Amino acid sequence: GFSGHVGHDPHVLYTISAVQILALFDKLDVLDIDKVSSYIAGLQNEDGSFSGDIWGEIDTRFSYCAICCLAILRRLDRINVEKAVNYIVSCKNLDGGFGCTPGGESHAGQIFCCVGALAITGSLHHIDKDLLGWWLCERQVKSGGLNGRPEKLPDVCYSWWVLSSLILIDRVHWIDKEKLVKFILDSQDKENGGISDRPDDAVDVFHTYFGVAGLSLLEYPGLKAIDPAYALPVDVVNRIFFGR
Amino acid sequence: MDSDEEERIPYSQRKEWSDVIPLPQDDGPDPVVSIAYKDEFRETMDYFRAVYHSDERSARSLDLTSDAIGLNPGNYTVWHFRRLVLVAVGADLHDEMDFVEHVAENNSKNYQIWHHRRWLAEKLGAEAMRKELKFTQKILALDAKNYHAWSHRQWVLQVLGGWEDELDYCQQLLEDDVYNNSAWNQRYFVITRSPLLGGLQASRESEVRYAADAIIANPENESPWRYLRGLYKGDNNSIVSNPEVSTVCLDVLKKNPYCVFALSLLLDLLCYGFQPRDEFRRIVESSRNSDSGPLDHKLASTVCSILENVDPMRSNYWSWRKSNLPTLAC
Numbered sequence: 001g002f003s004g005h006v007g008h009d010p011h012v013l014y015t016i017s018a019v020q021i022l023a024l025f026d027k028l029d030v031l032d033i034d035k036v037s038s039y040i041a042g043l044q045n046e047d048g049s050f051s052g053d054i055w056g057e058i059d060t061r062f063s064y065c066a067i068c069c070l071a072i073l074r075r076l077d078r079i080n081v082e083k084a085v086n087y088i089v090s091c092k093n094l095d096g097g098f099g100c101t102p103g104g105e106s107h108a109g110q111i112f113c114c115v116g117a118l119a120i121t122g123s124l125h126h127i128d129k130d131l132l133g134w135w136l137c138e139r140q141v142k143s144g145g146l147n148g149r150p151e152k153l154p155d156v157c158y159s160w161w162v163l164s165s166l167i168l169i170d171r172v173h174w175i176d177k178e179k180l181v182k183f184i185l186d187s188q189d190k191e192n193g194g195i196s197d198r199p200d201d202a203v204d205v206f207h208t209y210f211g212v213a214g215l216s217l218l219e220y221p222g223l224k225a226i227d228p229a230y231a232l233p234v235d236v237v238n239r240i241f242f243g244r
Numbered sequence: 245m246d247s248d249e250e251e252r253i254p255y256s257q258r259k260e261w262s263d264v265i266p267l268p269q270d271d272g273p274d275p276v277v278s279i280a281y282k283d284e285f286r287e288t289m290d291y292f293r294a295v296y297h298s299d300e301r302s303a304r305s306l307d308l309t310s311d312a313i314g315l316n317p318g319n320y321t322v323w324h325f326r327r328l329v330l331v332a333v334g335a336d337l338h339d340e341m342d343f344v345e346h347v348a349e350n351n352s353k354n355y356q357i358w359h360h361r362r363w364l365a366e367k368l369g370a371e372a373m374r375k376e377l378k379f380t381q382k383i384l385a386l387d388a389k390n391y392h393a394w395s396h397r398q399w400v401l402q403v404l405g406g407w408e409d410e411l412d413y414c415q416q417l418l419e420d421d422v423y424n425n426s427a428w429n430q431r432y433f434v435i436t437r438s439p440l441l442g443g444l445q446a447s448r449e450s451e452v453r454y455a456a457d458a459i460i461a462n463p464e465n466e467s468p469w470r471y472l473r474g475l476y477k478g479d480n481n482s483i484v485s486n487p488e489v490s491t492v493c494l495d496v497l498k499k500n501p502y503c504v505f506a507l508s509l510l511l512d513l514l515c516y517g518f519q520p521r522d523e524f525r526r527i528v529e530s531s532r533n534s535d536s537g538p539l540d541h542k543l544a545s546t547v548c549s550i551l552e553n554v555d556p557m558r559s560n561y562w563s564w565r566k567s568n569l570p571t572l573a574c
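So, in C-alpha cells, the structure goes:
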C-alpha cells in the first residue's frame, strides 16, 4: 500500500491516488503490482466491505478506492467482487441514493463512490437509474450549482460527484448544463486563478480540480475528456485497457 | 496573564528529551511541492519521527503525539501511533475520550478524530454508550448535519444501544430545523431498525401523519416528501390507497398549484393507478398555461406539462416522464 507521504502508514485512499498518478504518467510498471493488489485484497472484510487500513474503518469510499485501483492494475479477480457489490447494494437507500454504511444518509460523494464501483464491476443493473437520476438532478439549485444533500448549499465539488454519477447512469440530460457551467465559471478567481467551492469564496486546488473535471464532463471546449468512473482522462483509461 | 501565552520551550532544550535525536523529514533529493513548515511544527515532527522509528511507546511519546495532533489533527500516522502508545502504557481511555472531545470541538469534520473516537468506544464497550450519544449530540448542536457525527451515532446505536430516546431526539432536531435532511434520515433509521419499535409497518400510520403535518407547514421542504414516499418502500398500491397521501397533495395544491413536490407526487400516484377526484382535475387544469396547446385527456400528461414550465431546470426530466406515462395512468 501507499501512504500520504514518506514515513507514514499505508491506506487505501493514498494507494489509489498513487496508482492514478502513476497511470497519468504511464509509469504503472514501477509498481510491484502483485504486492499492491495483495495489500488491497487484504482490506476486504467478510461482508464484502473494505476497511481503509489495518485499523478497520469501513466506508463505501474505500470500496470504490479498492475496486477502482484493482481495475486499473487489472487485478479485480483478487477480491470477492460479488460480495463487494452486495455490500455496496446494502448501502442503497429508499431515495435511490447511497450512504457510507447501511442506513447512512444519501450523500452525493458516497453516491459517486458506489455508482463508480458498480459501474467498474459491471453491476449498474442494481441501481434504479430513474429514481437515483431524479434525486441527483434535484441537487441543482436556483443558482445553477449542485448540492450534495437536500437543503444544503451548492458546492463546485459536487459538479464532479453528482455529474459523474449522472453520466454513469445515463441521466445527465436531466440537469440544466448551461446553468451549471455558469456556476462553475462564476466560482473562479479571475485575478489569481483557481476555482473555489462557490462564487466569492477562497480558491483551493481541490475545488479547482473538481471544477475543471466537472467542466470536462459538461464538454466545455478545450478540455480533454475525463472518464466518469476512473476520474482519469479518457486517453489514459484507453491506454490502460486497450493500448500498449 | 493567560497561561496559554507561556513561552513554548523547544524540545531540543527540554532535559527530559535530551536522549532523543530528532529525525528530520526525508523529502528526497528533489522535493516536489515543498512545504514551508514553521519551526515549531518542524521540530515537533522531527521528534515524533524519532520516537515513531524507535517505536518508543511511553508516557512522553503520548504527550508528544498530543502536541503533534495539536499542530496537524489530520496526520493519521500520529493518531495510529498514539493508539499503540495508549495500549502500551495502559492509559485511562476515559481521559482519552476527553482529549478527543477537546480536539473535535474545532475539527468536527476530521476523519481521523472520528475514527479514533470509534476505536475508543469499541474498547470501552457498552459503558461508552451514554457518553457517545452525548458527544455526537454536542457536535450536532454546532452543526446539525455533520455527516461524521450522524455516522458515528448510527454506529453507537447499532453496536452499543441507546435507542430509547432517539425518536424524541429526531423530533427535537426537526423542531429546531424542519429542513434538516439528516434528522429525517435518522428518523427513518430509527423507525426501521430500532429493536424497541415494531418496524416500518407498525409505525407507518403515525409517520404518514407526521410527514403530512411537516409538509403542510412547509410545502417547499424536500425532505418530508421523500420521507413520505420512503414509508411505502415501493409498495405502490398502499400509497395510492391511503387517502391521507392524496389529501396532503390536494391541500398543498389548493394553496399553491405550482408546488413542484406536490405535482411530482401527484404524477407518481397517477402512474401507480390513482383515480383522481374531480377536485384534482379542476385545480391542475386551471393552472395549466393557456398556450400549452389543447387540453390533454390524460391528467398525468397535463401535470407533466405544468412541471416543464414551473421547474424549467429539470424540463428534460419532466418531458421524459410525459413520454413514459403508463397506459393505466389517468
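So the protein lines, in turn, are chains A and B.
Sequential numbering from 1 applies to the first sequence in our numbering.
Sequential numbering from 245 applies to the second sequence in our numbering.
The C-beta atom is built at its ideal place from N, Cα and C for all residues, glycine as well.
Note that the coordinates shown come from a computational prediction; the quantities given were computed from them, not determined experimentally.
Nearest to residue i by CA position, among the options, is which residue?
i: A/C69; options: A/G7, A/V6, A/T121; result: A/T121
i: A/H208; options: A/H173, A/A225, A/Y158, A/N238; result: The question names His, but residue 208 of chain A is Thr in the sequence shown. Selected option, being the one with the closest Cα: A/Y158.
i: B/A372; options: B/Y391, B/W399, B/N351; result: B/W399
i: A/R74; options: A/P199, A/I33, A/E46; result: A/I33
i: B/S302; options: B/R437, B/L377, B/V329, B/R397; result: B/V329
i: A/G144; options: A/D128, A/V181, A/I127; result: A/V181
i: A/V141; options: A/L131, A/D130, A/V156; result: A/V156
i: A/K215; options: A/D29, A/S106, A/F183, A/V6; result: Just to set this straight, residue 215 of chain A is Leu in the shown sequence, not Lys. For A/L215, the nearest C-alpha among the options comes from A/F183.
i: B/E451; options: B/R473, B/P463, B/N462, B/A370; result: B/R473
i: B/E408; options: B/V347, B/R374, B/D512; result: B/R374
i: A/C91; options: A/I72, A/C113, A/Q188; result: A/C113
i: A/R78; options: A/V36, A/F98, A/L118; result: A/V36
i: B/N354; options: B/H338, B/G314, B/L510, B/D283; result: B/G314
i: B/Q519; options: B/G442, B/V528, B/S490, B/T546; result: B/S490
i: A/G103; options: B/V434, B/L417, B/Q445, B/N486; result: B/V434
Run down chain A in chain order and give the residues with a C-beta less than 9 Å from the C-beta of residue i.
i: B/Q445; result: Within 9 Å Cβ-Cβ: nothing; B/Q445 doesn't reach chain A, min ~15 Å.
i: B/H324; result: H8, D9, D53, I54, W55
i: B/R286; result: Here the premise fails: no neighbours, minimum Cβ distance about 14 Å.
i: B/K389; result: E105, R149, E151, K152
i: B/T571; result: Residues of chain A passing the Cβ test: none, with the nearest at roughly 18 Å.
Counting only beta-carbon separations shorter than 8 Å, does residue i have a partner in chain A?
i: B/G474; result: yes
i: B/N560; result: yes
i: B/S563; result: no
i: B/W394; result: yes
i: B/D270; result: yes
i: B/R470; result: yes
i: B/Y454; result: no
i: B/E293; result: The question names Glu, but residue 293 of chain B in the sequence shown is Arg. Chain A, which has a Cβ nearer than 8 Å to the Cβ of B/R293, makes this yes.
i: B/R437; result: yes
i: B/W363; result: yes
i: B/T309; result: no
i: B/S247; result: Any reading at B/S247 must be qualified, since the residue scores a pLDDT of 47, below 50, and its modelled position is unreliable; the value itself is stated next. Taking Cβ atoms only, chain A never reaches closer than 8 Å to B/S247, which makes this a no.
Using a C-beta to C-beta distance shorter than 7 Å, which residues of chain A count as neighbours of residue i?
i: B/R431; result: Chain A residues near B/R431: none, gap ~11 Å exceeds 7 Å.
i: B/H359; result: W55, E57
i: B/K477; result: L94
Identify the contact partners of residue i in chain B, using a Cβ-Cβ distance below 7 Å as the criterion.
i: A/Q140; result: M557
i: A/P150; result: N425, E466, S467
Does the beta carbon of residue i sit closer than 8 Å to a beta carbon anywhere in chain B?
i: A/W160; result: no
i: A/K129; result: no
i: A/C137; result: yes
i: A/V12; result: no
i: A/L132; result: no
i: A/A18; result: no
i: A/L94; result: yes
i: A/D176; result: yes
Excluding sequence positions up to five away, which residues of its chain have a Cβ less than 7 Å from the Cβ of residue i?
i: B/D336; result: none
i: B/S247; result: Here B/S247 scores only 47 on pLDDT, less than 50, and its place in the model is too uncertain to base an answer on.
i: A/I16; result: C65, C68, C69
i: B/Y320; result: Q356
i: A/L13; result: G52, C65
Along chain B, in chain order, which residues have C-beta atoms closer than 8 Å to that of residue i?
i: A/K179; result: M557
Please list, in chain order, the chain A residues whose beta carbon lies closer than 8 Å to that of residue i.
i: B/Q398; result: T101, G103, G104
Grab me the residues of residue i's own chain with a C-beta within less than 6 Å of its C-beta, minus the 5 sequence neighbours each way, in chain order.
i: A/D253; result: Past the boundaries of the shown model lies residue 253 of chain A; chain A is included only from 1 to 244, so the question cannot be answered.
i: A/W160; result: F210, A213, G214
i: A/D47; result: Y87
Taking only heavy atoms of the ligand COA into account, decide whether any of them is closer than 7 Å to the Cβ of residue i.
i: B/R252; result: This structure does not include the ligand COA; it has no bound ligands of any sort.
For a contact meaning CB atoms closer than 9 Å, what does residue i contact in chain B?
i: A/H173; result: N560, Y561, W564
**Study point:** Any 3 or more C-beta pairs closer than 8 Å across the region 347-363 of chain B and the region 55-68 of chain A
**Key:** yes
Review point. Is the number of C-beta pairs between the region 116-134 of chain A and the region 403-415 of chain B that are closer than 8 Å three or more?
Key: no
Exercise for review: Give a yes or no on contact between the region 455-471 of chain B and the region 493-506 of chain B, applying the rule of three or more CB pairs nearer than 8 Å.
Suggested key: yes
**Study point:** At least 3 beta-carbon pairs within less than 8 Å: the region 416-433 of chain B vs the region 378-393 of chain B
**Key:** yes
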